[in-house]
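Just below is one structure, and these are the notes that go with it.
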Amino acid sequence: MHHVNDQCSITPYAGVQPLLQGLTGAPKLEGMTIKGGSTPSGNPCQALHYHGFIGIEGAVVARMAHWIKFGFREKP
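Yeah, the sequence shown ends on 79 if you go by our numbering, and it's all consecutive.
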């Protein structure tokens with residue numbers, strides 16, 4: 004799960020696909036792109052910026068919880 008506008012230099016959105024492609028032993032992979040939220044402020048690697056899903060935290064947590072509960076299935 005990654006915000007498309009994440010400006011943190013440590014976790015750039017452009018790095019998502021190469022990361023997913025490198026996780027060859029994972030039983031299931033799904034990249035989730037998040038958009039929207041409130042106007043960010045401060046350090047781009049902190050909670051009050053897109054990195055912390057500012058203004059959409061509840062929706063992001065709900066989506067994450069749904070994926071954990073219903074979306075993750077081990078490969079047979």
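We put the CB at the ideal spot given by N, CA and C, even for glycine.
Check: Alpha carbon to alpha carbon, how far is Gly25 from Ala65? Give it in angstroms, no decimals.; Outcome: 27 Å
Check: According to DSSP, what are the bridge partners of His5?; Outcome: Thr36
Check: Could you tell me whether the region 21-35 touches the region 54-62, using the rule of 3 or more Cβ pairs below 8 Å?; Outcome: no
Check: Return helix, strand or coil for His54, following the three-state DSSP convention.; Outcome: helix
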